[in-house]
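In terms of our numbering, the sequence shown opens at residue 8 and continues consecutively. The structure under discussion appears below in the form of structure tokens.
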Amino acid sequence: MFSDLVEEDGQAVQANQFLIVDHGQGAVLDPGGNLAFNELYLTLSRFFPPRQLSYLLASHADPDIIASLDRWMTSTSARLVISRIWERFAPHFTKVGKTENRVIGVPDAGGRLQLGLGEVHLVPAHFLHAEGNFQFWDPASRILFTGDLGVSLMSGAEARRPVTDIAAHIPRMEGFHRRYMVSGKILRLWVRMARQLPIAMIVPQHGAPIEGRAAINGFLDWAEQLAVGIDLFDERAYQLPTAMIDAESGQLRPQLRAVGG
Ligand SMILES: [Fe+2]
Ligand SMILES: [Fe+2]
Numbered sequence: 008m009f010s011d012l013v014e015e016d017g018q019a020v021q022a023n024q025f026l027i028v029d030h031g032q033g034a035v036l037d038p039g040g041n042l043a044f045n046e047l048y049l050t051l052s053r054f055f056p057p058r059q060l061s062y063l064l065a066s067h068a069d070p071d072i073i074a075s076l077d078r079w080m081t082s083t084s085a086r087l088v089i090s091r092i093w094e095r096f097a098p099h100f101t102k103v104g105k106t107e108n109r110v111i112g113v114p115d116a117g118g119r120l121q122l123g124l125g126e127v128h129l130v131p132a133h134f135l136h137a138e139g140n141f142q143f144w145d146p147a148s149r150i151l152f153t154g155d156l157g158v159s160l161m162s163g164a165e166a167r168r169p170v171t172d173i174a175a176h177i178p179r180m181e182g183f184h185r186r187y188m189v190s191g192k193i194l195r196l197w198v199r200m201a202r203q204l205p206i207a208m209i210v211p212q213h214g215a216p217i218e219g220r221a222a223i224n225g226f227l228d229w230a231e232q233l234a235v236g237i238d239l240f241d242e243r244a245y246q247l248p249t250a251m252i253d254a255e256s257g258q259l260r261p262q263l264r265a266v267g268g
């Protein structure tokens with residue numbers, strides 16, 4: 008896991024990237040945006056020759072996941088593995104022709120991908136948060152890479168320390184999940200599936216891993232009852248806007264009413 012490759016100047020959200028190597032085959036998970044590319048490429052070289060990477064596994068198609076695709080397609084011969092519903096959108100990140108015959112579009116049901124002598128499982132996680140979304144299950148380490156689920160907002164240094172006290176951690180996850188996750192129904196479906204896995208660690212794309220039985224069960228219990236996204240939106244969120252956006256400050260200015268009629 009690489010947690011602090013993007014400079015923390017406050018403009019870009021902290022993000023984790025991952026490398027899995029099994030018997031001479033390598034895959035990068037959620038390689039990230041252009042901000043991460045140079046550092047990741049260099050740092051990764053210490054563990055595996057990037058040119059020999061077999062796969063870039065993308066949980067979904069957000070900029071912090073795969074905006075660096077053009078660079079990876081140029082510098083390696085890896086194939087991109089991504090949801091079938093993003094298969095024809097991802098080439099917009101690259102120059103013409105770079106992705107030709109190099110994208111594996113995964114159907115909604117997911118699947119198991121051979122890597123070296125092991126496997127990485129692409130586990131359905133649609134609407135958590137992207138419409139086509141996979142998590143990555145590594146049966147060898149029993150880590151579930153959950154993408155944008157289980158995210159907490161913190162610095163790269165903090166993200167290196169696994170969380171074992173889930174109660175203290177929930178406030179750092181709550182706001183993000185309420186707005187970026189789509190629905191409680193989906194969370195409950197996902198929890199029911201996730202409980203069937205012997206998870207040693209839940210590792211999100213932003214923030215700290217969640218480690219150990221108690222913390223993982225605590226996370227699943229929390230996620231299972233959470234109201235998010237469309238559960239919270241009602242007609243108040245769909246009113247035609249009146250406030251002005253101040254281009255200087257980027258703040259909203261409420262409309263001033265004419266005084267005295
Ligand atoms: Fe995302
Ligand atoms: Fe993300």
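For glycine and all other residues, C-beta sits at the position ideal for the given N, C-alpha and C. Please read all numbers here as calculations on a predicted model, not as lab measurements.
**Length of the line joining the Cα atoms of I209 and P261** = 42 angstroms
Where does S52 sit, in a helix, a strand or coil, going by DSSP? helix
Please state if the CB of S190 and the CB of F141 are separated by a distance shorter than 9 angstroms.
no
Open item on the list: ligand 1 and G154: does the residue's C-beta get closer than 8 angstroms to at least one heavy atom of that ligand?
Closed with: yes
Y187 Cβ short of 8 angstroms to ligand 1 heavy atom set
yes
Which listed residue (W93, I92, H99 and Q59) has its alpha carbon closest to that of S75: H99
With distances taken between CB atoms, is the gap from A230 to L194 smaller than 9 angstroms?
yes
Taking 9 angstroms as the cut-off, decide whether the C-beta atoms of V158 and M180 are in contact. yes
Three CB pairs or more closer than 8 angstroms across the stretch 32-45 and the stretch 62-70
yes
Starting from A34 and walking both ways along the beta strand (DSSP E), at which residues does that stretch end?
Q32 to L36
### Message
At the level of alpha carbons, what is the spacing between E218 and F25?
### Response
17 angstroms
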